[in-house]
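Chains as they are written, first to last, in my numbering: chain A, 7 to 162; chain B, 21 to 522. Quick reminder that beta carbons are idealized off the backbone N, C-alpha and C, glycines included. For clarity, every value in this text was computed on a predicted model and none was experimentally measured. A quick write-up on the structure given underneath.
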Amino acid sequence: MASERRMASADLWSGLAFALLGGYIVATAWDWEYLGAEGPGPGFFPLWYGIAMLALSLALVVSSLRAPWNPPLVPFQWRAVGRALSVWLALALAVAACNLLGFVVSLALLTYFIVAVMYRRRARTAAAVALALGAGFYAVFPFVLGVALPTGIFGF
Amino acid sequence: MEVVSGLLSGFALALEPVNLLWCLVGVLLGTLVGILPGLGPPATIAMLLPLTFNMNPAGAIIMLAGIYYGAKYGGSTTSILLNVPGESASVVTCIDGHQLARKGRAGPALGIAAIASFIAGTVGVLGLMLVAPPLAKLALAFSSPEYFALMAFGLSMVVLLAGRSMLKALLAALLGLWIATMGTDLFSATSRFTFGQLELLSGIDFIVVAIGVFALGEVLANMEAREEAHALPVPKGVRKLLPSLQDLKDSRFAFVNGSVVGFFVGVLPGAGSTIASFLSYGLEKAVSRRREQFGSGVIEGVAAPEGANNSETGGALVPLLTLGIPGSATTAILLAALVLWGFKPGPLFIPEHPAMFWGLVASMYIGNVMLLALNLPLVPVFAQVLRLPVYVLYPVIFGVSMVGVYTVSGSMFDLTLLLVFGLLGYLMRKLDYPAAPLILGLVLGAGMERALRQSLMMSEGSLAILASRPISAVLLGFAIVILLVPLFSRINAWRLRALEPR
Chain A
7 MASERRMASA
17 DLWSGLAFAL
27 LGGYIVATAW
37 DWEYLGAEGP
47 GPGFFPLWYG
57 IAMLALSLAL
67 VVSSLRAPWN
77 PPLVPFQWRA
87 VGRALSVWLA
97 LALAVAACNL
107 LGFVVSLALL
117 TYFIVAVMYR
127 RRARTAAAVA
137 LALGAGFYAV
147 FPFVLGVALP
157 TGIFGF
Chain B
21 MEVVSGLLSG
31 FALALEPVNL
41 LWCLVGVLLG
51 TLVGILPGLG
61 PPATIAMLLP
71 LTFNMNPAGA
81 IIMLAGIYYG
91 AKYGGSTTSI
101 LLNVPGESAS
111 VVTCIDGHQL
121 ARKGRAGPAL
131 GIAAIASFIA
141 GTVGVLGLML
151 VAPPLAKLAL
161 AFSSPEYFAL
171 MAFGLSMVVL
181 LAGRSMLKAL
191 LAALLGLWIA
201 TMGTDLFSAT
211 SRFTFGQLEL
221 LSGIDFIVVA
231 IGVFALGEVL
241 ANMEAREEAH
251 ALPVPKGVRK
261 LLPSLQDLKD
271 SRFAFVNGSV
281 VGFFVGVLPG
291 AGSTIASFLS
301 YGLEKAVSRR
311 REQFGSGVIE
321 GVAAPEGANN
331 SETGGALVPL
341 LTLGIPGSAT
351 TAILLAALVL
361 WGFKPGPLFI
371 PEHPAMFWGL
381 VASMYIGNVM
391 LLALNLPLVP
401 VFAQVLRLPV
411 YVLYPVIFGV
421 SMVGVYTVSG
431 SMFDLTLLLV
441 FGLLGYLMRK
451 LDYPAAPLIL
461 GLVLGAGMER
471 ALRQSLMMSE
481 GSLAILASRP
491 ISAVLLGFAI
501 VILLVPLFSR
511 INAWRLRALE
521 PR
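This is the structure we're talking about:
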């Protein structure tokens, strides 16, 4: 029951998020030309799918408030979600660090974090995997394939 | 005669050493991707697409198609040995395949999967070769209203079969349409939904969304668990992998069933290989004399779905190449690939680029032979891939995804967008929103808007043009009926039952 309530609640919040987006699309498209002398304007298509998004999201909100929801395929486990979001955050930091440290070093640091922190392997294993991966990417992409990657203060 | 001469010219192209090499690379990569749980063909093709920009388009499409159908072969290995589907099309193979492995018959199960995949995959290509050219000729009569109706029909089919909640599938499709309309409107030069960002004036690149939603979204979802699954051992030696004569006899109908069901389901937009394998398994069980044993490890319970998901590939390429309408996430990415290389899939694709079409068809025949030759003796080797630690695999996927996106534009802004779409893909999985309608909405969005606006320009603003032309009226009628399915409780119950095991 708890997991059903959680999914219904997730539907409620995601429905509200879609309703906000639908409202934004309708409000924005309202200011663009709908029908002109040469046919439909730039506002025509967005207005209609915006209205559809608004209507459907409100239907989702109402259904999540009224009916018992189907049980979710996988119940929410906040600890697991936390793991995934931690990795996403580390990835975001790696992307942000690309300009300063370069792609290869950023990827190696991300790899170290994943191996050592997320999968709790020994620091030596994590360092070896991170070094191998960084070197492998450098060898394959910039060196062999000639693909330009972001470079940083180390020059690669 | 046209078919024979086309096929001969296709073989001439596909048998060029460089194209044979790309075919081999594609099927090998596809097999590996199929084996690795959590990395599907859409993610792989999206990640590798930017790296094909400098390739000869014929070699590139041969390789990407090889990944597409090669993954179907590989998916069975993980289903049988791990009881975890390597990709969604192999879900149903787990039922009897893993039971066979637990009884010590992993070898024959893997062998029959490879043989069924080869037979049905070849039949699927035969169907593609025979159906696509006449359908393309028929589609030459299509104009903007028919195209709009066809795209609306395709999108509604995807929505129908994409997830348990049609509301959520529709919302995902509309989100795809919204992303598709970002950037400068080509009719009026108005910038739409750019939030003042110059980088968004040319719109959001399809590859960024596809890699974010599929590759990053999948990996983030997989990283929730720290534990890794353990595979059952594979018998060594080809002889131990070969099914017995009795196994082949038991699978006779399954080969035919998988081939036919898979192809026809593939042609239908939105249905996809998962539905094909479930339908084929259900049909096999329904006509079997030992239906009560299904689920406990019967060989035809592996042959039918594995055949169907391979035959589906040929079917799925029919609407893609003849109408320019993709029916699944993978074909949507293949459509984007063709467009990026300068081709326009649709009725004129085969007449204007016969070498590409027939070369692809011929390469699929060759690829299926390669896969059979590789899969029977090398399954124990491929199965070793399952020993690759995920803490090595996932950073590799992150790295390839970032390189793939950065290669397209050389823009750090696109890498930031990749993060946004990665998070979106993960959240969609958690909240049970299907990703396929989003991708289809994104791919079809610009074409749908263009077709609708051109239709209304033809009719001076009257929507009646969509209902007054027979083909568009019928297709839109179907689309409306499909979208009303939730209101018919019995049909909706059938739909949910069909999707439940996913």
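Per the coordinates, the alpha-carbon of W378/B lies some 35 Å from the alpha-carbon of A192/B.
With three or more CB-CB distances shorter than 8 Å, the region 475 to 494 of chain B counts as touching the region 164 to 171 of chain B.
For the region 405 to 421 of chain B, the set of positions with a beta-carbon nearer than 9 Å to some beta-carbon of chain A reads P409, V410, Y411, V412, Y414, P415, V416, F418, G419 and V420 in chain order. At least 8 Å separates the beta-carbon of E332/B from that of V280/B. Measuring C-alpha to C-alpha distances from E219/B to each of G461/B, L435/B and M149/B identifies L435/B as the nearest.
Straight-line measurement puts the Cα of L380/B at about 14 Å from the Cα of G335/B. Apart from sequence neighbours up to five positions away, the residues of its chain that approach S297/B with a beta-carbon distance below 6 Å are A109, V112, P325, A328 and N329, ordered along the chain.
Residues of the region 149 to 183 of chain B that bring their beta carbon within less than 9 Å of a beta carbon in chain A are absent altogether. Residue burial is scored here from C-beta neighbours: G430/B has fewer than 16 other C-beta atoms within 10 angstroms and is therefore classed as exposed. In the three-state DSSP reduction, P46/A falls in the strand class (E or B). Of the candidates K123/B, F73/B and G94/B, F73/B places its Cα closest to the Cα of T427/B. Restricted to the region 70 to 122 of chain A, the alpha helix (DSSP H) segments that are unbroken, complete and at least 4 residues in length are 84 to 107 and 109 to 118, listed in chain order. I199/B is a Cβ neighbour of V229/B, given a cutoff of 8 Å.
The continuous alpha helix (DSSP H) containing R470/B extends over residues A456 to M478. Annotated as distal: T342/B and P371/B, with beta-carbon spacing of 8 Å or more. Neighbours of F143/A across chain B, judged by C-beta separation under 9 Å: V416, G419, V420 and V423. With the rule of 3 Cβ pairs closer than 8 Å, the region 267 to 275 of chain B does not count as touching the region 456 to 467 of chain B.
Residues of chain B with a Cβ closer than 7 Å to the Cβ of G29/A do not exist; the shortest Cβ-Cβ separation is about 13 Å.
With contacts defined as CB atoms closer than 8 Å, A235/B and S421/B qualify as a contacting pair. In chain order, V318 place their CB closer than 7 Å to the CB of R310/B, counting only its own chain and leaving out the 5 sequence neighbours on each side.
Residue burial annotation: S99/B is buried, with at least 16 other C-beta atoms found within 10 angstroms of its C-beta.
Around the beta carbon of S112/A, 16 or more other beta carbons sit within 10 angstroms, so the residue counts as buried. For T436/B, the enclosing alpha helix (DSSP H) stretches over residues M432 to K450.
Nearest neighbour of A172/B by Cα position, chosen from P365/B, I295/B, Y411/B and P346/B, turns out to be P346/B. Look at S176/B here: in three-state DSSP terms it is helix.
Take S29/B, set aside five residues on each side of it, and the residues of its chain with a beta-carbon closer than 6 Å to its own are W378, in chain order. Look at the beta carbons and you see the region 437 to 446 of chain B not touching the region 120 to 130 of chain B: under three pairs across the two are nearer than 8 Å.
Checking the DSSP bridge columns, you'll see R212/B partnered with G203/B. Annotation: Y40/A has no Cβ neighbours in chain B at a cutoff of 7 Å; minimum Cβ distance is about 10 Å. Looking only at L476/B, K188/B and P409/B, the smallest Cα-Cα distance to I120/A is reached by P409/B. In this structure, V145/B is the residue among K188/B, V145/B and L394/B with its C-alpha nearest to the C-alpha of S383/B. For I417/B, the closest alpha carbon among the candidates T117/A, V150/A, F149/A and I159/A is that of T117/A.
Residues of the region 200 to 215 of chain B with a Cβ closer than 8 Å to any Cβ of chain A, in chain order: T201, D205, F207, S208, T210, R212 and F213.
What I120/A touches in chain B, judged by beta-carbon distance under 7 Å, is Y411, Y414 and P415, going in chain order.
The Cβ neighbour count for Q404/B, taken over all protein chains shown within 10 Å, is under 16; the residue is labelled exposed.
H118/B: member of the alpha helix (DSSP H) spanning T113 to R122, first to last residue.
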